[in-house]
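Engineer: Numbered per my numbering, the sequence shown spans residues 12 to 298. A virtual CB, placed ideally from N, CA and C, is assigned to each residue, including glycine.
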Amino acid sequence: MPKPEIATFFDPATATASHVVYDHPGGHAAIIDPVLDYDAKSGRTARHNAQQLLDFLHAQRLTLQWILETHAHADHLSAATWLQQQAGGLIGIGQDIVQVQGIFKAVFNLGHDFATDGSQFDHLFADEEDFYIGTLPARALSVPGHTPADMAYQVGDAVFVGDTLFMPDVGSARCDFPGGNAATLYQSVQRLLALPDDTRLLLCHDYPNNGRAIAWQSTVAEQKQHNIHLHQGISQADFIALREARDATLEMPLLILPAIQLNIRAGRFPAAESNGVAYLKIPLDML
Ligand SMILES: [Fe+2]
12 MPKPEIATFF DPATATASHV VYDHPGGHAA IIDPVLDYDA KSGRTARHNA
62 QQLLDFLHAQ RLTLQWILET HAHADHLSAA TWLQQQAGGL IGIGQDIVQV
112 QGIFKAVFNL GHDFATDGSQ FDHLFADEED FYIGTLPARA LSVPGHTPAD
162 MAYQVGDAVF VGDTLFMPDV GSARCDFPGG NAATLYQSVQ RLLALPDDTR
212 LLLCHDYPNN GRAIAWQSTV AEQKQHNIHL HQGISQADFI ALREARDATL
262 EMPLLILPAI QLNIRAGRFP AAESNGVAYL KIPLDML
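#1: May I ask you to list the residues that DSSP assigns as paired with E262?
#2: Can at least three beta-carbon pairs, one atom from the segment 256-273 and one from the segment 184-196, be found at a separation below 8 Å?
#3: Suppose you measure from the CA of T81 to the CA of D161; what does that come to, to the nearest Å?
#4: Can you give the Cα-Cα distance for K292 and F119, rounded to whole angstroms?
#5: Mind checking whether A26 and T19 have CB atoms under 8 Å apart?
#6: Could you give the uninterrupted runs of the alpha helix (DSSP H) lying entirely in the segment 24-85, keeping only those of 4 residues or more?
#7: Would you mind sorting N221 into buried or exposed? The rule is 16 or more other CB atoms within 10 Å of its CB.
#8: What do you get for N274, buried or exposed, if any count of 16 or more other CB atoms within 10 angstroms of its CB means buried?
#9: Under the assumption that H39 contacts I144 (Cβ atoms under 8 Å), give the Cβ distance between them as a whole number of angstroms.
#10: Between G173 and D22, what straight-line distance do the alpha-carbon atoms span, to the nearest angstrom?
#11: Ignore the nearest five residues each way along the sequence and tell me which others in L65's own chain have a CB closer than 8 Å to its CB.
#12: For H84, is the beta carbon positioned less than 7 Å from some heavy atom of ligand 1?
#13: Helix, strand or coil for A252? Go by DSSP, reduced to three states.
#14: Does the structure place the segment 103-114 close enough to the segment 149-168 that three or more beta carbon pairs sit under 8 Å?
#15: From the DSSP output, in three-state form, read off S89 for me.
#16: May I ask you to check if the CB of A184 is nearer than 7 Å to at least one heavy atom of ligand 1?
#17: Kindly examine ligand 1 and report whether one of its heavy atoms sits closer than 7 Å to the Cβ of H157.
#18: Distance check for R276 and E16, CA to CA, integer angstroms please.
#19: Are there any heavy atoms of ligand 1 lying less than 7 Å away from the beta-carbon of D174, as far as the coordinates show?
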């Protein structure tokens with residue numbers, strides 16, 4: 012089993028881990044879930060997080076082959092399009108993103124110019140689709156539940172799981188966004204936990220609440236033993252009850268409205284208006 016090189020960059024503002032996975036220095040890389048900085052108070056974007064990713068590519072002399080989104084994130088804006096403009100590569104996401112685009116086209120009452128066919132992305136992955144990152148064999152694994160369109164990306168002995176499992180002491184991703192489903196997430200996680208025990212699981216977020224240091228890597232064995240929501244032996248019914256009770260207490264993420272509007276466009280801004288400024292919408296009393 013190939014053991015890819017992985018470098019992770021954590022954004023404290025959104026608690027997001029962006030990963031660079033590559034075959035060797037001077038080789039080929041994929042970036043998973045890059046963050047575009049966004050100041051909710053001013054509406055201003057910035058690229059400090061994304062620039063760190065770009066600097067790492069340059070330092071390791073890596074060719075950016077893929078920019079992979081595990082899903083349309085609700086907690087941060089994607090830097091996929093900006094990174095592509097700087098370094099090339101194809102932007103990929105799961106093919107069911109078309110469902111998410113349909114849901115949010117209605118929420119934001121987007122016009123005919125917003126296509127719901129995934130064409131904003133360069134590649135739509137099917138479940139179990141194989142691809143390469145340089146010499147590394149990779150595979151897309153459909154893991155919906157948090158949203159209808161979540162993909163995990165398996166690269167050698169590592170799997171980038173997106174918003175499914177979190178660190179064992181944090182548990183699992185919420186399932187209460189439009190199109191989310193706790194039973195579906197349970198089934199998706201069983202798929203991840205059926206992988207070999209020593210499989211490295213690379214997470215999308217960390218929210219430690221007990222003072223431990225930020226972490227973004229676990230293993231199948233650790234999750235089966237210790238995940239507070241989904242350790243081995245928890246039934247689907249128990250998980251659904253626990254997940255739905257917890258979700259009922261959660262507020263919407265701070266950035267869900269701006270994030271979704273960019274992320275269903277692969278991180279592109281909406282078209283600028285006649286004054287050259289791009290605007291986002293706020294639907295009142297919808298979410
Ligand atoms: Fe998410």
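Structural biologist: Short version:
#1: On the sequence shown, position 251 is the one that residue 262 refers to. Per DSSP, none; premise fails for E262.
#2: The segment 256-273 and the segment 184-196 touch, with no fewer than 3 CB-CB distances between them shorter than 8 Å.
#3: As a position in the sequence shown, residue 81 is number 70, starting the count at 1. As a position in the sequence shown, residue 161 is number 150, starting the count at 1. Each residue's Cα considered, the two are about 6 Å apart.
#4: Here the question's residue 292 lines up with position 281 in the sequence shown. Here the question's residue 119 lines up with position 108 in the sequence shown. Rounded to the nearest angstrom, the two C-alpha atoms are 7 Å apart.
#5: As a working mapping, residue 26 is identified with position 15 in the sequence shown. As a working mapping, residue 19 is identified with position 8 in the sequence shown. Against a cut-off of 8 Å, the Cβ pair of T19 and A26 comes out as no contact.
#6: 59-70
#7: Position 210 of the sequence shown holds residue 221. Exposed, because fewer than 16 other Cβ atoms sit within 10 Å of the Cβ of N221.
#8: By 1-based counting over the sequence shown, the position of residue 274 is 263. Classification for N274: buried.
#9: If you number the sequence shown from 1, residue 39 lands on position 28. If you number the sequence shown from 1, residue 144 lands on position 133. Confirmed, about 6 Å.
#10: The residue given as residue 173 occupies position 162 in the sequence shown. The residue given as residue 22 occupies position 11 in the sequence shown. About 15 Å.
#11: Indexing the sequence shown from 1 puts residue 65 at position 54. L94, Q97, A98.
#12: Against the sequence shown, residue 84 aligns to sequence position 73. Checking every heavy atom of ligand 1 against the Cβ of H84, one is found closer than 7 Å.
#13: The residue given as residue 252 occupies position 241 in the sequence shown. In this structure, A252 counts as helix in the three-state DSSP scheme.
#14: The count of Cβ pairs closer than 8 Å, one atom from the segment 149-168 and one from the segment 103-114, reaches three, so the stretches are in contact.
#15: In the sequence shown, counting from the first residue as 1, residue 89 sits at position 78. Strand, per DSSP.
#16: If you number the sequence shown from 1, residue 184 lands on position 173. The answer is yes for A184.
#17: The count along the sequence shown starts at 1 and reaches residue 157 at position 146. Correct: H157 has its Cβ closer than 7 Å to ligand 1.
#18: Your numbering for residue 16 matches position 5 in the sequence shown. Your numbering for residue 276 matches position 265 in the sequence shown. E16 and R276: Cα-Cα distance of roughly 29 Å.
#19: As a working mapping, residue 174 is identified with position 163 in the sequence shown. Correct: D174 has its Cβ closer than 7 Å to ligand 1.
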